[in-house]
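Student:
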Amino acid sequence: MSTFQVKDGTTIAYKDWGKGQPILFSHGWPLAGDAWAPQMLFFGSQGYRVIAHDRRGHGLSDQTWDGNNMDRYADDLAELIEALDLRDVVLIGHSTGGGEIAHYVGRHGTSRVAKMVLVGAVPPLMLKTEANPEGTPLEVFDGIRKGTAGDRSQFFKDLSLPFYGFNKEGAKVNEGLRENFWRLGMMGSIKGEYDCVHEFSEVDYTEDLKKIDKPTLVIHGDADQIVPIAAAGLKTAKIVKGAELKVYPGAPHGLAETETDKFNADVLAFIRA
16 MSTFQVKDGT TIAYKDWGKG QPILFSHGWP LAGDAWAPQM LFFGSQGYRV
66 IAHDRRGHGL SDQTWDGNNM DRYADDLAEL IEALDLRDVV LIGHSTGGGE
116 IAHYVGRHGT SRVAKMVLVG AVPPLMLKTE ANPEGTPLEV FDGIRKGTAG
166 DRSQFFKDLS LPFYGFNKEG AKVNEGLREN FWRLGMMGSI KGEYDCVHEF
216 SEVDYTEDLK KIDKPTLVIH GDADQIVPIA AAGLKTAKIV KGAELKVYPG
266 APHGLAETET DKFNADVLAF IRA
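In my numbering, the protein residues as written are 16 to 288.
1. Under 7 Å, do G33 and H42 count as touching if we go by C-beta distance?
2. In chain order, which beta strand (DSSP E) runs of at least 3 residues are fully inside the segment 58–145?
3. Given I107, which residues of its chain have a CB within under 6 Å of its CB, disregarding the five upstream and five downstream residues?
4. Work out the CA separation of R87 and K15 for me, nearest whole Å.
5. Hey, how far is the Cα of H235 from the Cα of A28?
6. Keeping to the same chain, check which residues put their C-beta closer than 8 Å to that of E214; ignore five residues upstream and five downstream.
7. I think V128 touches V120, with their Cβ atoms under 8 Å apart; what is that distance to the nearest whole Å?
8. In whole angstroms, what separates the C-alpha of T125 from that of E184?
9. Whole angstroms is fine: what's the gap from S243's alpha carbon to Q36's?
10. If you run the structure through DSSP and keep just helix, strand and coil, what is S204?
11. Can you tell which of Y63, L224 and F19 has the C-alpha that lies nearest to the C-alpha of R287?
12. So, with DSSP's three-state summary, where would you put T25?
13. Which residues share a DSSP beta bridge with P148?
14. Quick test of your reading: D223 and P138, contact by CB under 8 Å. State the CB separation rounded to the nearest angstrom.
15. Can you list, in chain order, the residues of its chain whose CB lies under 6 Å from that of G248, leaving out five sequence neighbours each side?
16. If contacts are defined as beta-carbon pairs under 8 Å, then F170 and T163 qualify, I think. What distance do you get, rounded to the angstrom?
17. Please list, in chain order, all residues of the same chain as P177 whose beta carbon is under 8 Å from its beta carbon, the five residues on each side excluded.
18. In whole angstroms, what separates the C-alpha of A98 from that of N279?
19. Return the CA-CA distance between F57 and V262, expressed in angstroms with no decimal places.
20. Per DSSP, what are the beta-bridge partners of I244 in this structure?
The following block contains the structure:
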């Protein structure tokens, strides 16, 4: 992997493969850029330049004590995009990564952006409030913090089941996916992952979504147990002007890995359109 040092001295690890129009992938929590490995191979083979970074506190990037917040994540992304001089870039964000690319636009605009894809993404707001009754109660996120702080190894193993929908009756469990989820989660910093829970659950991305003025594809599984579609994808598709919504029936949160061929084909068609 390559590395890049942002202005506060933090080292960000990333992969940068191939040539052509750039596609930048932003991963979910508690994972790393390697979660996009099937997409990196596919789109790189289709003639695109593919980039995937490890968010600070995740994967092989520096494990900072401070700065584990969405403002800094978005600014790290902006510095990486500028350092690599990416133009006409397609931004693809899964889960927390969807919040990251939305917040990047909110803070830095779309002058370098061609298109965006939000996959099982957390915007506009995951937290249940009076104004957002479809959201998830705060106690659930407190439980995630408790699991991360207390025994994250077992917690991540358990979390992989609903993440991929393997806890559904009749589901065929892919143990390799579960083990890779655990592997990537355990590579990260417990402090960074703990702090990040607030960023994907309690940050309101509504104003960021309103600033997106590029073609946007929203993909969400209607069986997503981690980021329920009613509070996320369905609302995002209404907020982002002209957004295209694709609902995957019965698909889980980690649909890019469980329905890889369909996902890759849909995203490729959107990019080429």
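Note that the Cβ used here is the ideal one computed from N, Cα and C, for glycine as well.
Tutor: In terms of the structure at hand:
1. As a first step, residue 33 is located in the sequence shown; it is residue number 18 there, counting from the start. As a first step, residue 42 is located in the sequence shown; it is residue number 27 there, counting from the start. No, Cβ-Cβ distance for G33 and H42 is not below 7 Å.
2. Complete beta strand (DSSP E) runs here, min 3: 64–68, 104–109 and 128–134.
3. Here residue 107 refers to the residue found at position 92 of the sequence shown. Same-chain partners within the cutoff: F40 and V132.
4. This structure cannot settle anything about residue 15, because the visible part of the chain is limited to 16 through 288.
5. In the sequence shown, residue 235 corresponds to position 220, counting from 1. In the sequence shown, residue 28 corresponds to position 13, counting from 1. Looking at the two C-alpha atoms, the distance is approximately 28 Å.
6. Start at 1 with the first residue of the sequence shown, and residue 214 comes out as number 199. The answer, listed in chain order, is N83, N84, M85, Y88, T111 and G114.
7. Translated into positions along the sequence shown, residue 128 becomes position 113. Translated into positions along the sequence shown, residue 120 becomes position 105. Yes, they are in contact, since the Cβ atoms of V128 and V120 sit about 7 Å apart, within 8 Å.
8. Within the sequence shown, the letter at position 110 stands for residue 125. Within the sequence shown, the letter at position 169 stands for residue 184. Going by the C-alpha atoms only, they are around 43 Å apart.
9. On the sequence shown, position 228 is the one that residue 243 refers to. On the sequence shown, position 21 is the one that residue 36 refers to. Note that residue 243 is Pro in the sequence shown here, rather than Ser. Approximately 32 Å, taken between the alpha carbons.
10. For the purposes of this step, residue 204 is taken as residue 189 along the sequence shown, with counting starting at 1. Of the three classes helix, strand and coil, the one that applies to S204 here is coil, per DSSP.
11. The residue you call residue 287 lines up with position 272 of the sequence shown. Closest option to R287, Cα to Cα, is Y63.
12. Within the sequence shown, the letter at position 10 stands for residue 25. In the structure shown, T25 sits in coil (DSSP, three-state: anything other than H, G, I, E or B).
13. As a position in the sequence shown, residue 148 is number 133, starting the count at 1. In DSSP, P148 forms no bridge with anything.
14. Your numbering for residue 223 matches position 208 in the sequence shown. Your numbering for residue 138 matches position 123 in the sequence shown. 7 Å between Cβ atoms; contact.
15. Along the sequence shown, one-based indexing puts residue 248 at 233. V233 and H235.
16. Taking the sequence shown and counting its residues from 1, the one referred to as residue 170 is at position 155. Taking the sequence shown and counting its residues from 1, the one referred to as residue 163 is at position 148. Rounded, the Cβ-Cβ distance is 6 Å, consistent with contact.
17. For the purposes of this step, residue 177 is identified with residue 162 of the sequence shown, where counting begins at 1. Correct list, in chain order: Q240, I241, P267 and H268.
18. Here the question's residue 98 lines up with position 83 in the sequence shown. Here the question's residue 279 lines up with position 264 in the sequence shown. Rounded to the nearest whole angstrom, the CA to CA distance from A98 to N279 is 27 Å.
19. By one-based count along the sequence shown, residue 57 stands at place 42. By one-based count along the sequence shown, residue 262 stands at place 247. Straight-line Cα distance between these residues: approximately 22 Å.
20. Within the sequence shown, numbered from 1, the residue matching residue 244 stands at position 229. Answer is none; I244 lacks a bridge partner.
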